[in-house]
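As you go down the protein sequences, you meet chains A and B in turn.
Be aware that the first sequence starts at 1, since it is given in this note's numbering, and climbs by one per residue.
Be aware that the second sequence starts at 1, since it is given in this note's numbering, and climbs by one per residue.
Ideal Cβ positions, reconstructed from N, Cα and C, are used throughout, including at glycine.
Since this is a predicted model, take the numbers as computed values, not measurements.
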Amino acid sequence: MRKFACPSCGADVTFRSAQSVYAVCPYCQSMVVRGDVDVTSIGVMAALPEDMSPLQLGSGGYFEDQPFTLIGRLKIGWRDGLWNEWHLLMADGRRGWIGEAQGSFSVSFELEGVLPRDVAQTFEYCLPLLTGGEGADEAKPGFLVELGGTTLRAVDIKLATCLGSEGELPFAAPKGRRTVAVDCIGVGGEFATLDHDGHRARAYVGRYVEWDALRFTNLRPLEGW
Amino acid sequence: MDDQPSGSPPAQPVPPRAPGRPRTFACPSCGGTVTLRAVGQSISATCSQCSSLIDVADENLRIIEAAQSAMQDAEIPIGARARLSDIEWEVVGYMRRSDGPGDFRWTEYLLFNPYRGYRFLVEEYGHWTLVKMLNRDVPEAGKQGWIEANGRSYQFFGKGFARTTYVAGEFFWRASTADVTAVTDYIAPPYRLMVEKNDAEIIVSEGEYLDARAVATAFNTPLRTPSSAGVSQVNPHKPSLMVIGFAVIAATMLQLTSLAISANALVGSQTYQLTAADKGKTLSSGTFRLNRSGNIEIETGAYLINDWLELDMALVNVDTNESYPAFQSLEHYRGTDSDGDWEEGGNNGTVLLPPVPPGTYKLLIEPDAGLFAKPSSPLPVTVAIRYDVPIWSNYLIAMALLLAVPAISMIRRMMFEKSRWEKGGVAE
C-alpha cells in the first residue's frame with residue numbers, strides 16, 4: 001500500500017494495489033494519475049449519480065473462499081440504464097471486478113496474454129458502434145464465443161459511457177470514457193464481458209455469484225432496509 | 001436489515017458513503033410528488049397522481065407517455081412489503097399484460113430488494129408465480145418440445161405474445177404500453193421457464209408457483225381464490241398408488257391365506273321328495289361332526305316351475321341343543337306376454353351361517369311350498385351342507401373400495417391437466 005498527498009487538497013490518496021495507476025481523491029474528488037514518484041491531478045470528478053447499492057469502497061467479501069476488498073468503482077451508463085463496476089483487490093493481490101446490475105453480481109478477472117481469436121472477431125463486428133456507426137450484421141446478440149475453454153453466448157451488446165469513478169483503478173476512467181461492451185453468459189452461470197475503448201480490447205471472465213455467497217461486510221446503510 | 005451479513009468492518013481508508021435512501025421529485029406533468037425506491041436502477045416511473053409515465057434515467061425527466069388511460073388499482077399496492085422465499089421484497093411497480101388477442105390477461109408485480117435485486121410476482125386468475133431472471137444461457141430456448149435449463153427438464157407449454165396494457169410504479173427499463181414481446185413458456189411444475197425475445201435481447205426467467213394463501217398471508221391482504229388450473233401448479237390430485245397398492249396386496253394375501261387354510265368340506269347332502277303330506281312336518285338331516293369352529297353354508301336346489309319354496313331351518317348341536325336358525329326362500333316363475341318370454345327367480349339359493357363351535361350337529365328343516373296346497377307329483381329338494389367355506393364378498397367389496405380411490409383421483413388428475421393445457425398452445 002502506498003500513500004500520496006493529493007496534489008489538490010493535500011489529503012491522503014491511498015493506492016492499495018501496486019497495479020493501480022488512477023485514483024479519485026475521496027475528499028476533493030481530484031482525479032490523480034500515479035507517476036514514478038508522485039501523483040498528478042488531471043481534473044476533478046463530478047459527483048456520481050445516486051443509487052441504492054448496498055456496496056461502498058472498503059466493503060469486504062469472499063470469492064471462492066478468498067477475502068477481497070472493494071477499492072474502486074466505475075459508474076457506467078448506457079441508453080437504457082446504469083450499473084456499477086466495483087474494482088476488487090483479492091487477499092492474494094489479484095484484482096478483479098464485480099458487475100452490479102439489477103441486483104445480480106458477476107465476479108470477473110481480466111484475461112491475461114493474447115486475447116482469443118473470437119474476441120478480436122467480435123470487435124471487428126462491433127467496433128463501429130463506438131463511433132456512432134452501425135455494427136456489422138454479425139453484431140447481434142446470440143453468437144457464441146470461446147473464452148478460456150468455455151463456450152459462452154453473447155446476450156447483449158451496448159455502448160457504455162463512464163459516468164464517473166471513485167477510489168483506485170487500473171486505468172484512467174474520466175467521465176465520458178466510452179467503450180463497446182459485450183456481455184456473455186454460459187449454461188452453468190459462467191460470465192464474461194468483452195470491452196473495447198477504441199485503443200485496446202479487454203476480456204474479463206468469471207461467473208455470476210449469489211448475494212449470500214459473497215458474504216459482504218462493511219455495507220453501506222440503506223434507509224428502510 | 002436482516003439481509004445484511006454481520007461482521008467486523010475493516011479499517012476504512014475512505015469516508016463511508018452517505019446512506020442510500022428513496023428519492024422524490026416533482027412530476028413534470030402535474031407537479032405531484034413521485035417517489036423512486038430503486039434509485040439508480042429505475043429508468044422509468046409513473047406519477048401516482050396523473051399516471052404519466054416519466055423517463056427517470058437522467059435529470060431531464062422526460063415524459064414518455066402523458067396520463068395513461070384510467071388508473072387501474074392492483075390487488076397489492078405499490079410500497080407493500082412481504083417476505084417470500086425468506087427474502088423481504090417491496091412492490092415497486094406493476095404491469096397489466098395480455099396475450100395477442102387479449103383473451104388471457106395477467107398482472108406482473110415488480111419486487112425490489114436492494115441486496116437481492118428484482119423478482120417478478122406474476123398473478124394469473126388468482127395463481128401466483130415468483131419469477132427470477134436466470135442469467136444462464138439456455139441454448140434450446142424457443143424450441144418446441146423438451147428442453148434443459150438450470151438443471152431441470154422443461155416441457156414446452158405455449159408460445160405467443162405478451163402485450164403491456166398498463167404500467168404503474170417504477171421499472172429498471174423504459175416501460176411502455178407499446179411493449180410487445182414474443183414469449184415461449186415451458187413447465188416443470190412447480191417451476192416454469194419463460195423466454196422473452198425482442199430485437200435486442202433474449203431474456204430467460206425461471207418462476208416457481210406460490211400458494212395463493214401464502215402470498216395473501218405474506219402481504220397481509222385478502223386475495224381472490226385461484227380459478228381453474230395454474231400453468232405451473234403442481235397437480236393437486238396425487239396418484240397415491242403406493243398406499244392403495246399396499247392395501248390391495250395385503251388384502252389379497254389375507255384372502256389367499258384364508259382360501260388355503262379353509263376346509264371347504266361337504267359335511268352332508270340329502271335330497272328330499274316333498275309332497276303335500278310334508279306340510280307342517282320337520283325333516284332332519286343326518287348328524288355330522290365339526291372338529292373345529294367354522295362357518296356353515298347351506299345350499300338349496302329345487303326344480304320349481306311357477307312355484308315357491310320356503311325352508312325354515314335350524315342347525316342344532318345335538319350335545320348342547322344349541323340352535324342356529326336359517327331361512328331359505330326360492331321362487332321361480334316364467335311365461336310369455338306381449339313382450340315375449342319372461343322369467344323370474346331361480347332354482348338355487350345359499351344361506352351362510354356365522355362360525356359355530358365344534359361339536360356334532362344336525363339340520364332340522366320345516367318346508368312349505370305352493371304345491372302343498374294342491375295334489376301334485378313330489379318335488380325333489382336337495383340340501384347340501386358345507387363347512388368352513390372361504391368368503392369372497394368381503395374381499396371383493398374391499399377391492400372395489402380400494403380401487404375406486406385411484407380411479408377417482410386419476411380422473412380428477414386428468415381433468416386438472418386438461419384445464420392446465422387449455423391455456424397452452426401456439427398462438428399465431
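Beta-carbon spacing of residue i, residue j below 8 Å
| i | j | result |
| --- | --- | --- |
| B/E358 | B/R292 | According to the sequence provided, residue 358 of chain B is Pro. The question's Glu does not apply to it. A contact, by the Cβ cut-off of 8 Å. |
| B/V180 | B/M95 | no |
| B/L130 | B/E208 | yes |
| B/T360 | B/V318 | yes |
| B/I397 | B/L363 | no |
| B/W128 | B/A229 | no |
| B/G20 | A/R73 | no |
| A/D195 | A/A181 | yes |
| A/M31 | B/P114 | no |
| B/G158 | B/G424 | yes |
| A/F123 | A/W211 | no |
| B/V164 | B/R97 | In the sequence as displayed, the identity of residue 164 of chain B is Thr instead of Val. Result yes, Cβ atoms of B/T164 and B/R97 sit closer than 8 Å. |
| B/G326 | B/V351 | Contrary to the premise, residue 326 of chain B reads as Ala rather than Gly in this sequence. For B/A326 and B/V351, yes; Cβs fall inside 8 Å. |
| B/L193 | B/A162 | no |
Sequence-distant residues of the same chain with beta carbon closer than 6 Å to residue i, five excluded per side
| i | result |
| --- | --- |
| A/G161 | The sequence shown places Thr at residue 161 of chain A, not Gly. So the list reads G77, R178, once near-sequence residues are dropped. |
| A/R34 | V21 |
| B/D2 | Note that B/D2 scores a pLDDT of 42, beneath 50, so its modelled location is shaky and nothing firm can be said. |
| B/R470 | The structure shown does not extend to residue 470 of chain B, since chain B is modelled only from 1 to 428, so the question has no answer here. |
| B/G294 | P355, Y387, D388 |
| A/D118 | V145, E146 |
| B/N235 | R413, F416 |
| A/V209 | F105, V107 |
| A/G12 | The sequence as given places Asp at residue 12 of chain A; Gly does not occur at that position. Result list for A/D12: K3, in chain order. |
Within chain B, partners of residue i - CB distance below 8 Å
| i | result |
| --- | --- |
| A/S53 | G20, G40, P114 |
Under 7 Å from the C-beta of residue i: neighbouring residues of chain B
| i | result |
| --- | --- |
| A/G198 | Under the 7 Å cutoff, chain B gives no residues; its nearest Cβ is about 23 Å from A/G198. |
| A/S104 | G117, N135 |
| A/Y208 | N135 |
| A/G132 | In chain order: nothing, as chain B lies at least about 17 Å away. |
| A/G189 | N135, R136 |
| A/I185 | N135, R136, D137 |
| A/W211 | Y115, R116 |
Close Cβ partners of residue i (< 7 Å) along its chain, the five nearest in sequence each way excluded
| i | result |
| --- | --- |
| B/H237 | S409, R412, R413, F416 |
| A/G164 | M45, A46, L48, K75, K175 |
| B/S262 | D388, V389, P390 |
| A/D128 | For the record, residue 128 of chain A in the displayed sequence is Pro; it is not Asp. So the list reads E134, G135, once near-sequence residues are dropped. |
Residues near residue i by beta carbon distance below 8 Å, same chain, minus five either side
| i | result |
| --- | --- |
| B/S29 | C47, C50, S52, I54, I63, A66, A67 |
| B/S258 | P390, I391 |
| B/E75 | T107, E123, T221, L223, R224 |
| A/L57 | P26, L70, I71, G72, R73, E166, G167 |
| B/G7 | Confidence at B/G7 is low in this model, with a pLDDT of 39, below 50, so its placement is unreliable and the value that follows should be read with caution. Around B/G7: no qualifying Cβ. |
| B/E90 | R37, G79, A80, R81, L111, F112, N113 |
| B/S329 | W308, L309, E310, L311, G349 |
| B/L283 | Y272, L364, I365, E366, P367 |
Chain-ordered chain A contacts of residue i [CB-CB under 8 Å]
| i | result |
| --- | --- |
| B/R23 | E50 |
| B/W173 | D80, G81 |
| B/I43 | D80, G81 |
The ligand FAD heavy atom lying under 7 Å from the CB of residue i
| i | result |
| --- | --- |
| B/T217 | The ligand FAD is absent from the structure shown, which contains no ligands of any kind. |
Proximal chain A residues relative to residue i, where beta-carbon distance stays under 7 Å
| i | result |
| --- | --- |
| B/E201 | P141, V155, D156 |
Chain A residues whose Cβ lies nearer than 9 Å to that of residue i
| i | result |
| --- | --- |
| B/P239 | Simply none; closest approach about 33 Å. |
| B/A57 | G77, R79, D80, G81, L82 |
| B/P16 | Q56, L57, G58, N218, R220, P221 |
Chain B residues whose Cβ lies nearer than 9 Å to that of residue i
| i | result |
| --- | --- |
| A/E223 | P19, G20, R21, P22 |
| A/L152 | D137 |
Within the segment 105–167 of chain B, ranges of the beta strand (DSSP E) (whole runs, at least 3 residues): Fully contained in the segment 105–167 of chain B are the following beta strand (DSSP E) runs of length 3 or more, in chain order: 105–113, 117–124, 127–133, 146–149.
Within the chosen definition, does the segment 16–30 of chain B reach the segment 133–146 of chain A through at least 3 CB pairs nearer than 8 Å? The segment 16–30 of chain B, when compared against the segment 133–146 of chain A, does not touch it at the 8 Å Cβ threshold.
Could you tell me which whole beta strand (DSSP E) segments of length 3 or greater appear in the segment 74–106 of chain B? Complete beta strand (DSSP E) runs here, min 3: 81–84, 87–98.
For the 8 Å Cβ check, are there 3 or more pairs between the segment 57–72 of chain A and the segment 204–221 of chain A? Touching, per the Cβ criterion.
Check whether the segment 100–118 of chain A and the segment 196–207 of chain A touch, using three or more Cβ-Cβ pairs below 8 Å as the test. Because the criterion of three Cβ pairs below 8 Å is met, the segment 100–118 of chain A and the segment 196–207 of chain A touch.
At 3 residues or longer, what runs of the beta strand (DSSP E) sit wholly inside the segment 264–288 of chain B? Inside the segment 264–288 of chain B, DSSP marks whole beta strand (DSSP E) runs of 3 or more residues at positions 265–274, from first to last along the chain.
Taking only runs of the beta strand (DSSP E) that begin and end inside the segment 97–126 of chain A, which ones reach a length of at least 3 residues, in chain order? Listed in chain order, they are 104–110.
Fully enclosed by the segment 10–50 of chain A, which beta strand (DSSP E) runs are 3 residues long or longer? Scanning the segment 10–50 of chain A for uninterrupted beta strand (DSSP E) segments of 3 residues or longer gives 12–15, 22–24, 30–34, 39–44, listed from N- to C-terminal end.
Tell me, please, whether the segment 366–375 of chain B touches the segment 276–291 of chain B by the rule of three or more beta-carbon pairs shorter than 8 Å. Contact holds: three or more Cβ-Cβ distances are below 8 Å.
Which runs of the beta strand (DSSP E), 3 residues or longer, sit entirely within the segment 138–201 of chain A? Whole beta strand (DSSP E) segments, 3+ residues: 144–147, 150–169, 178–185, 190–196.
Does the structure place the segment 333–350 of chain B close enough to the segment 295–310 of chain B that three or more beta carbon pairs sit under 8 Å? With the cut-off at 8 Å, the segment 295–310 of chain B and the segment 333–350 of chain B touch.
Minimum length 3: unbroken beta strand (DSSP E) runs contained in the segment 308–370 of chain B: When DSSP assignments are scanned along the segment 308–370 of chain B, the uninterrupted stretches of beta strand (DSSP E) that are 3 or more residues long and fall wholly within it turn out to be 323–337, 340–345, 348–356, 359–369.
Please determine if the segment 9–18 of chain A and the segment 85–100 of chain A are in contact, where contact requires at least 3 C-beta pairs separated by less than 8 Å. Judged by Cβ distances under 8 Å, the segment 9–18 of chain A makes contact with the segment 85–100 of chain A, as three or more pairs qualify.
Can you confirm whether the segment 131–150 of chain B touches the segment 181–193 of chain A when touching is taken to mean that 3 or more C-beta pairs between the two stretches lie within less than 8 Å? At 8 Å Cβ cutoff, the stretches touch.
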